[in-house]
Structures are given as structure tokens and as C-alpha cells.
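Chains as they are written, first to last, in this note's numbering: chain A, 1 to 335; chain B, 1001 to 1244; chain C, 2001 to 2110.
What follows is a single structure, written as C-alpha cells, with notes after it.
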Amino acid sequence: MYAQMVKTGVDRVAEREQLSPQEQEFQARIDADVRIEPRDWMPDAYRKTLIRQISQHAHSEIVGMLPEGNWITRAPTLERKMILLAKVQDEGGHGLYLYSAAETLGIGRDEMIDQLHSGRAKYSSIFNYPTLSWADIGMVGWLVDGAAIMNQVPLQRCSYGPYARAMVRICKEESFHQRQGYDLLIALSKGTDAQREMLQEAVNRWWWPALMMFGPPDADSVHSEQSMRWNIKQMTNDEGRQRFIDQTVPQAEYLGIQLPDPDLAWNAERGHYDYGAIDWDEFYAVLRGHGPCNRERLSARFDAHTQGAWVREAALAHAAKAAAREPAAGVQASA
Amino acid sequence: MSESAALAEFALRMGDSALILGHRLSEWTGHAPVLEEELASANVALDLLGQAQLWLSLAGELEGRGRSADDLAYLREPSAYRNLLLAEQLNGDFGHTLVRQFLFDAWNHLLLDALCAHPHARVAEIAEKASKEVRYHLERSSDWVVRLGDGTDESHRRVGAALEILWPYTGELFVLSASCPAATIVIDARWRELVDMVLQRATLDMPNDEWAQSGGIDGRHTEHLGKLLAEMQSLQRAYPGASW
Amino acid sequence: MTTNKSPEPGTNADADARSQWPLWEVFIRSQHGLSHRHVGSLHAPDAQLAMLNARDVYTRRNEGLSIWVVRAADIVASAPADKGPMFDPANTKVYRHPSFYEMPEEASGL
């Protein structure tokens, strides 16, 4: 998912009796589905985990603008151009809402940006893959947004108020993202031989990285339990991955493409699709910085930020000059 | 030239200018100086692309050769393009982009205001819709020119330089607006007034009128347009006749 | 395009301090709304750009909306509720609730 392998700083999930009275009451609020708000008491580990998770989610949205933005200037019709630009703009907006939510926990946006650029904070592994053809843009909408939506919908009911509310806003805007991607692919599937080849070639490259978005298998996922106890994660990695596969296979069939997994088969007994082994070496290598685009993604973000510093400075300088000329109003209202 | 052909030419000039400028703006995606600006500039780009679609559709209809807005956008050679030279200039830094935007917005705003009263119903309709958007574009771009002009020494220097470089492309704006058929549109003086007011607040000097670059609206472009179109049209050229 | 070599990521603390924009909270009253609702926050150097940004970020420029932007630093918030009443819906002033009173059927409209 966008927030993969978020560390909770907790080695073992504590039993209720081991918690302090304050922590017990905090847990009781979560269990009663009462939202935690910014000025409420919260365990330090909860605060830190949320900062990590929300900021990782925000960074993913921002970095995610790059692989899709890569094709705006080459979008093949005016309609597709506008749709893609609007989608990428939405992603920027989602990053903004999420940075906002994280800031309520006591960290500034510039500090989070610095963490991203220095490599201390992560973003979803999926955005380290290149968009090599127009079909890739469809893949990002269909598979990547599809996977993201699996987690975003339940997060609307997560325990932390500002995060839940940001997710509500995001989900409202998300409605067209996956459809945009799938619609693009339908057009290719009904097109020329060359377009259908483009489509198949793209899914060959995007399928496995999309499955890796859900994070390592549950057995290797040490932090899931605490996150679920705190209601900031609602599904285990494997649950999410299985649900995604079950939902997506029929969609692939409709497109007339072959998913690149010879072991993919419906298991009537389980009531789910069986699937092949994921190459976790690739996943960990990408997380360590060895994916096809890690360096380019980070340096694009870093360059935008540093090359834009003079603009931000100038805006502040102007504001100071204007304030010196006349006292600023505390509240600015329109109409 | 028949009146219909003259109007087609005018619509093409407006559509191409909006398209090329919108395309240039979209190049900032993922690279803006601050997140809020990403969203703002995408809004302006989307508006311009939408306006381009309207103008080009009209142009195609008036031309009567069965060409859609997409046909016009994706299948013409650079010499067939009728956009302002100002629109095809490189983005440069953020200040350069905003100066270009402001000079264009001020003109577009005055022109569209006048076109709301145009005798041709479709022209008036497009102008009515676009006016609201462009009023906002102008508010934004003029705000930034002031911010950067009257900001730090560095920002002042950068936008001052941008203004000098882009000024020679402003003459063509009024050749385009004056070419509108069935209307007499003279907006040079009001444009100068508006620009002067903003430049004063920005503590910037209005450049001298030395030589006005021209030719874009007649199909004589800079070297930039060819490269821009090669990128923009690449998929349609590579897969002729395909649907997307 | 030739540019100066960018410094290493993560070493720009000084530049960041000079270019950090303050935080603003945004409140919007929709066309048919009765009051302004908090929708989130954004960064801007002053009220004017905060207002322009609020329109672009939180309304995608829908018209007929009323927007308030307030510097986050200017907001004074109440302290969170004390521990006791958290799960206790107790409201000892029960006579404040309309349902406390039985109205005669003959007197309708109350």
C-alpha cells in the first residue's frame, strides 16, 4: 500500500493489563470507535507511528505525480490530456491534505519534506517504476489506484480524526481515478493490434509490482498487529492482496489480457484465486534504493524544492514588506 | 477571405494560443516551487486546454473540412499553427513563467470581455465562459508578479530579466486581437494601463518598445514549436488512425 | 540545461528556515450551508495568497462559497475534555431537554 511496513516502535503488542491506566483508557476509546483528536492524550508510539504512516502516504501521492506526469505532454487527445492533468492535480491535492493531517501531530511540512529528500522517510515502492508507454498510464490508474483504494476506503473510519477526515475527502475525489485508468485500457483493448500489444506488454511489467504494494507476507510483517489494534490499519497485507487479486482478475479477463502469473487459478475450495510466488528480493531491493527510478524520483523532488526556494523566500519577503506598510488583518474573509 | 474563413482563422489563432500556453504550463507538473502552486497552475492549464478545445472545435466547423479539435491539435505541421509566439516560449524559471502568464492574461482578459458582445453567438458563448476563468488567472498572475517583483533582490532581478526577454513578444498580442472579424477591438492602451499599474506595484520598469517579434499567428514560429509539437503529437503520429 | 550542481539532499536547513511558509486553517461555508466548516490547512506567506490557495485547493474554484482563512498560530483552542465524562453521557440538567416535558395533545405545535 502507499504506507508500507510502517514501524510502530513497539516490539510486542502489550496485553491490556500491561498498559498504564492512561493507555487503557486510550485503547478503550479506540475500541469504542471514538475518534482521537489532535489535543487528546495519546501514547508516544501512536503519535510517532501515525506521523510515519501519514507522511509516507503523503510522500507517495507527491512522488506519484511524477510517473503519471511523465505522459501529460504526450497524451494522445485533448480529452485524455485534461483528464490526466486533473488526476495528477488531485494527487497533489491528496498529498496536501495528508501533510495537513500529519501537521496536527506536531511535525511541520518542511521537516517531512526534508525527511523524504534525505531518505529517512519512505514512499510506496510502486512509484520507483517507470511509465514507458501510454498503456502504463492506464495501468497506474487501474492497478495502482485500485490497490490504494482497497486501503483508503476503510481508513475513512480510522481512529485518528484528521487522518480519517482527510481520507473522506480523498475518497470522494478518488472516484474517477481508477475508472480513468481502466477506461484508457478498454480503448486500447478495442484498438489496433499494436495498441493491444502495448496493453499486454504494460501489464507484464506492472502486475507483480502492484501486488508488492500490499507489503510483505503477514508472517514477515511485525508491525501489522499493533497498527490494527490502534485502528490505523484495517486489513492485513495478505488480506488486502488477496482481495485485490480476486477483484482484478475478472477485470483483466474483460480486457482480454493475460496476467503474467502461470500459477494464477481459481480455487473453488478456498473461494479465492491462488497465485504464484512474489519475488520479495526485488521488493526489498527497490525499498533499499535499487529500483529503476529511485534516484530520478528523489532528485526530481529535491530539485523542485531547492530550485523553488527563491520563490518561497520572495513571497515571504513581500509579505513582510506589505505587513510593515500596513497592519495585517487577523482573519481574511471572502464575501 | 470570406467572413467565415476569417472567423475560422481567428478561432484557430485563439485555440492554438490557448493550447500551446496550456501545454507549456502543464510542463510544471511535479516541479512547482510549492505544493499549493502545483494545484493552482494545473487549474489554469486545465482552463486553457478547455478553452483551446472550444476554439479549435469552432475553427474546425467554420473551416468545413471535417476536422475535429483533436485533428487540428495533433495532425498539423508547425507551419500550420497560428499561436502567438509568446505562448511557445520556454518556461524558464517560475518567475519567467508567471511574467509570460501575466502579460498574456491581461490581454486575454480584455479581449474576452470585448468578445462577450460579439455578433457570432458561438464566439460570445466561448468568451462568456472563458471570461470568468481568465479573470481569476489574471488575479493570480498579477499577484505573483507583484510578489516576485517586490520580494527579494534575487526575485526582483529574475522577473526583471524575464520581462525584458518577453516584452518583444507582446506586440503580436494586439495584431491578433485587432484581426477579429465583425468587431473592432482596440485594447492596447488599456492593456498598457493595466500592466503599468501592476509593474509599478511590483517595482519593475516597463521595458522600452524596441522591436516587436511577429509571425506566430501567420505560421512563422520559433524553433521551440517544432520540438513541442513533436512531443505532443508523438503518439498520434506513431499510431496513425488509432482511437484513444 | 546547465545549472549549478544541487547540494546533497537533507542539508538545506538554513534555506528552509528562510522559505518556510506559515500554516493557515481553512473554513468553508457551502452554498446551502449554515456555518463555516473546517476543511483542512495549507501554507501561504500571507492572507491574500492563503485565500487564493484556499480556492484552488479546497474548492477547485466553485463559486458562491464563503471562505475564511486564519493563521493557525492565531487560533485559541479549548483543552480536551477531562477523563471522567468521556463515556458518561450524563447531563445533569435534564430539564434542558424538550423530551423531559409532556405536552397535552390538545396543545399541538409545541
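Quick reminder that beta carbons are idealized off the backbone N, C-alpha and C, glycines included.
Problem set entry | Members of the region 1015-1032 of chain B that neighbour chain A once the beta carbon cut-off is set at 7 Å | His1023, Ser1026, Glu1027, Thr1029, Gly1030, His1031 and Ala1032
Exercise. In chain A, which residues lie with their C-beta within 9 Å of the C-beta of Leu2023(C)?
Worked result: As a first step, residue 2023(C) must be located in the third sequence, where it is residue number 23. Simply Ser100, Glu103, Gly108 and Arg109.
For this session: Could you name the residues that DSSP lists as bridge partners for Tyr160(A)?
Result: The residue you call residue 160(A) lines up with position 160 of the first sequence. In the DSSP output, where bridge partners are listed per residue, Tyr160(A) has Ile36(A).
Exercise. Can you list the residues of chain B that Val88(A) reaches, using a CB-CB cut of under 8 Å?
Worked result: Within the first sequence, residue 88(A) is the residue found at index 88, counting from 1. Residues of chain B passing the Cβ test: Thr1029, Gly1030 and Ala1042.
Exercise. Looking at the unbroken alpha helix (DSSP H) that takes in Asp274(A), where does it start and where does it end?
Worked result: Locating residue 274(A) in the first sequence gives position 274, where the first residue counts as 1. Element bounds for Asp274(A): not the alpha helix (DSSP H) but the beta strand (DSSP E), His272 to Asp274.
Exercise. Does the distance from the CB of Leu1235(B) to the CB of Pro76(A) come in under 7 Å?
Worked result: Taking the first residue of the second sequence as 1, we reach residue 1235(B) at position 235. Taking the first residue of the first sequence as 1, we reach residue 76(A) at position 76. Yes, the Cβ-Cβ distance between Leu1235(B) and Pro76(A) is below 7 Å.
Exercise. Is there at least one Cβ from chain B nearer than 7 Å to Leu255(A)'s Cβ?
Worked result: The residue you call residue 255(A) lines up with position 255 of the first sequence. No, no contact with chain B.
For this session: Would you please verify whether the beta carbon of Ala319(A) is less than 7 Å from any beta carbon of chain C?
Result: For the purposes of this step, residue 319(A) is taken as residue 319 along the first sequence, with counting starting at 1. Yes, Ala319(A) counts as interfacial toward chain C.
For this session: Could you tell me the boundaries of the alpha helix (DSSP H) in which Phe2027(C) lies?
Result: Here residue 2027(C) corresponds to residue number 27 of the third sequence, with the count starting at 1. It is not in any alpha helix (DSSP H) - Phe2027(C) instead sits in the beta strand (DSSP E) that spans Leu2023 to Arg2029.
Exercise. Any beta-carbon of chain A closer than 7 Å to the one on Trp1055(B)?
Worked result: Sequence index remark: in the second sequence, residue 1055(B) carries index 55 (1-based). It does not; no Cβ of chain A falls within 7 Å.
Exercise. Do you know offhand how far Ala322(A)'s Cα is from Arg1201(B)'s?
Worked result: The residue given as residue 322(A) occupies position 322 in the first sequence. The residue given as residue 1201(B) occupies position 201 in the second sequence. If I take the Cα positions, the gap works out to 11 Å.
Exercise. Can a CB atom of chain C be found closer than 7 Å to the CB of Arg312(A)?
Worked result: As a first step, residue 312(A) must be located in the first sequence, where it is residue number 312. So, interface residue.
Exercise. Looking at the structure shown, is Val203(A) part of a helix, part of a strand, or coil, going by DSSP?
Worked result: As a working mapping, residue 203(A) is identified with position 203 in the first sequence. Three-state DSSP puts Val203(A) in a helix.
For this session: Specify the secondary structure class of Asn1043(B) as computed by DSSP and reduced to three states.
Result: Taking the first residue of the second sequence as 1, we reach residue 1043(B) at position 43. Here Asn1043(B) sits in helix by DSSP.
For this session: Please list, in chain order, all residues of the same chain as Met212(A) whose beta carbon is under 7 Å from its beta carbon, the five residues on each side excluded.
Result: Here the question's residue 212(A) lines up with position 212 in the first sequence. Closer than 7 Å at Cβ, skipping near neighbours: Ser125, Ile278 and Phe283.
Exercise. So, using beta-carbon positions, are Thr8(A) and Gln226(A) closer together than 7 Å?
Worked result: Within the first sequence, residue 8(A) is the residue found at index 8, counting from 1. Within the first sequence, residue 226(A) is the residue found at index 226, counting from 1. Their beta carbons are under 7 Å apart, which means Thr8(A) touches Gln226(A) by this criterion.
Exercise. Taking the alpha carbon of Pro2045(C) as the point to measure from, which residue in Ala324(A), Arg325(A) and Ala314(A) has its own alpha carbon closest?
Worked result: Sequence index remark: in the third sequence, residue 2045(C) carries index 45 (1-based). Considering only alpha carbons, the answer is Ala314(A).
For this session: Go through the region 181-257 of chain A residue by residue and report every complete run of the alpha helix (DSSP H) that reaches 4 residues or more, in order.
Result: 193-212, 224-229 and 237-255
Exercise. Helix, strand or coil: which one does DSSP assign to Ile2067(C)?
Worked result: The residue given as residue 2067(C) occupies position 67 in the third sequence. The answer is strand: DSSP assigns Ile2067(C) an E or B state.
Problem set entry | Trp1211(B) burial status per 10 Å Cβ neighbour count (16 or more: buried) | On the second sequence, position 211 is the one that residue 1211(B) refers to. Flag for Trp1211(B) reads exposed.
For this session: Kindly indicate if chain C contains any beta-carbon less than 7 Å away from that of Glu1036(B).
Result: By one-based count along the second sequence, residue 1036(B) stands at place 36. Yes, its Cβ sits closer than 7 Å to a Cβ of chain C.
Exercise. For Arg2037(C), which of helix, strand or coil comes out of DSSP?
Worked result: Position 37 of the third sequence, counting from 1, holds the residue named residue 2037(C). Residue state, collapsed to three classes: strand.
Problem set entry | Residue environment, Asp2088(C), which counts as buried when at least 16 other CB atoms sit within 10 Å | The count along the third sequence starts at 1 and reaches residue 2088(C) at position 88. With a pLDDT of 47 at Asp2088(C), under the threshold of 50, the predicted position of this residue should be treated as unreliable, though the coordinate-derived value follows. The residue is exposed, with fewer than 16 neighbouring Cβ atoms inside 10 Å.
Exercise. Using the C-alpha atoms, what's the distance from Leu116(A) back to Asp303(A)?
Worked result: The residue you call residue 303(A) lines up with position 303 of the first sequence. The residue you call residue 116(A) lines up with position 116 of the first sequence. Asp303(A) and Leu116(A): Cα-Cα distance of roughly 13 Å.
Problem set entry | Straight-line gap, Leu184(A) to Ile1185(B) (C-alpha atoms, nearest Å) | By 1-based counting over the first sequence, the position of residue 184(A) is 184. By 1-based counting over the second sequence, the position of residue 1185(B) is 185. Straight across, the Cα-Cα distance linking Leu184(A) with Ile1185(B) is about 43 Å.
Exercise. In chain C, what lies closer than 7 Å to Asp40(A) by C-beta?
Worked result: As a position in the first sequence, residue 40(A) is number 40, starting the count at 1. Ordered by position in chain C, the residues that pass the 7 Å Cβ test against Asp40(A) are Pro2080.
For this session: May I ask you to list the residues that DSSP assigns as paired with Asn267(A)?
Result: Position 267 of the first sequence holds residue 267(A). His272(A).
For this session: Identify which residue in Arg169(A), Met42(A) and Asp261(A) has its Cα closest to the Cα of Leu98(A).
Result: Start at 1 with the first residue of the first sequence, and residue 98(A) comes out as number 98. The shortest Cα separation from Leu98(A) among Arg169(A), Met42(A) and Asp261(A) belongs to Arg169(A).
Exercise. Going along chain A in order, which residues have a C-beta closer than 7 Å to the C-beta of Ser2041(C)?
Worked result: Counted from its first residue, the third sequence places residue 2041(C) at position 41. What Ser2041(C) touches in chain A: Ser100 and Glu103.
Problem set entry | Chain-ordered chain C contacts of Gly64(A) [CB-CB under 9 Å] | By 1-based counting over the first sequence, the position of residue 64(A) is 64. Chain C residues near Gly64(A): none, gap ~18 Å exceeds 9 Å.
Exercise. Going by the beta-carbon positions, is the gap between Val215(A) and Gln4(A) smaller than 7 Å?
Worked result: The residue labelled residue 215(A) in the question sits at position 215 within the first sequence. The residue labelled residue 4(A) in the question sits at position 4 within the first sequence. The amino acid occupying residue 215(A) in the given sequence is Gly; Val does not appear at that position. A contact, by the Cβ cut-off of 7 Å.
Exercise. Between which two residues does the alpha helix (DSSP H) harbouring Glu23(A) extend?
Worked result: Indexing the first sequence from 1 puts residue 23(A) at position 23. Its alpha helix (DSSP H) spans residues Pro21 to Asp31.
Problem set entry | Same chain only: Cβ atoms within 6 Å of Ala101(A), ignoring 5 sequence neighbours per side | Taking the first sequence and counting its residues from 1, one reaches residue 101(A) at position 101. For Ala101(A), where only same-chain residues beyond five positions count, the Cβ hits under 6 Å are Ile54, Pro162, Tyr163 and Ala166.
Exercise. Nearest-angstrom Cα distance between Arg229(A) and Leu19(A)?
Worked result: Position 229 of the first sequence holds residue 229(A). Position 19 of the first sequence holds residue 19(A). Distance between the alpha carbons of Arg229(A) and Leu19(A): 13 Å.
Exercise. Should Arg12(A) go down as buried or exposed, given a rule of 16 or more other Cβ atoms within 10 Å for buried?
Worked result: Stepping through the first sequence from its first residue, residue 12(A) is reached at position 12. Answer is exposed; the Cβ neighbour count stays below 16.
For this session: Give a yes or no on contact between the region 1062-1080 of chain B and the region 1142-1151 of chain B, applying the rule of three or more CB pairs nearer than 8 Å.
Result: no
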